Amino acid sequence: MQVERVQGGYVQPEIIDLEDGTGCLFRLHESDISEDGVKILADLLTDQAQCWAPRPAGTVGPVINVVWERVPAPSARLPIGVDERPGSITYLVDPSLISQRAADYLSRLDTERSPYWQRVPKGHHGDNAASS
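Printed below as a string of structure tokens:
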């Protein structure tokens, strides 16, 4: 999973599926993500991707509510955490990493994309762990 911090004129956050099947690119404007947030978010998303795979072509699953919530120091060790349940995923992110605007936008994008992905056993992707 990749995270790109875009400079220049404002662009809304977007999630782009990479054509080579190696994962997704999360593009966020520099006003929406800190320099530290790029690596931290990429690491989290890469770890999460090990538990998800695209659904077979032509199939759609249930909508999973995804929320990006900005909370100060979600963990004593980490500035970001995940609360994953059967019908929802909540990313707990320190406000210093992403803006409220980006958190709201990513929540909407991830929720819209959720029916096209399915949970799989961690490590299901083998050597291609970032393929979702």
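Residues in the sequence shown are numbered from 12 upward in steps of one, following the numbering used here. Ideal Cβ placement from N, Cα and C applies to all residues, glycine included. Here the structure is a predicted model, which means the values were calculated and not measured.
Secondary structure of residue i, DSSP reduced to three states
i      : result
Ala53  : helix
Arg81  : strand
Leu120 : helix
Gly92  : strand
Pro67  : coil
Tyr21  : coil
Asp138 : Per-residue confidence for Asp138 stands at a pLDDT of 42, beneath the threshold of 50, marking its modelled position as unreliable; the derived number appears in the next sentence. Three-state DSSP puts Asp138 in coil, outside helix and strand.
Glu46  : helix
Gln129 : strand
Gln61  : coil
Asp28  : strand
Neighbourhood of residue i by C-beta distance below 7 Å, restricted to the same chain and skipping five residues each side
i      : result
Leu117 : Pro24 and Trp79
Ile27  : Cys35, Leu36 and Arg38
Arg130 : Cys62 and Trp63
Leu29  : Cys35 and Leu36
Neighbour flag for residue i against chain B, beta carbons, 8 Å
i      : result
Pro126 : In the displayed structure, chain B is absent; only one protein chain is listed.
Same chain, Cβ closer than 6 Å to residue i, five either side skipped, listed in chain order
i      : result
Ile91  : Ile51, Leu55 and Val104
Asp94  : Thr101
Tyr21  : His40
Ser110 : Asp43
Close Cβ partners of residue i (< 8 Å) along its chain, the five nearest in sequence each way excluded
i      : result
Ala84  : Pro90 and Asp105
Ser142 : Model confidence at Ser142 stands at a pLDDT of 38, short of 50, so the residue's coordinates are unreliable; what they give is reported in the following sentence. Contacts found: Gly32, Thr33, Gly34, Ala60, Ala64 and His136.
Ser99  : Ile75, Asn76, Val77 and Val78
Val17  : Arg38, Leu39, His40 and Glu41
Asp138 : Residue placement at Asp138 is poorly supported in this model, since its pLDDT is 42, which falls under 50; the coordinates are not used for a value here.
Residue i CB to nearest heavy atom of the ligand NAP below 7 Å
i     : result
Glu15 : Among the components modelled here there is no ligand, and therefore nothing to report on the ligand NAP.
Give a yes or no on contact between the segment 47-56 and the segment 66-76, applying the rule of three or more CB pairs nearer than 8 Å. Here the segment 47-56 makes no contact with the segment 66-76; the two share fewer than three CB pairs at distances below 8 Å.
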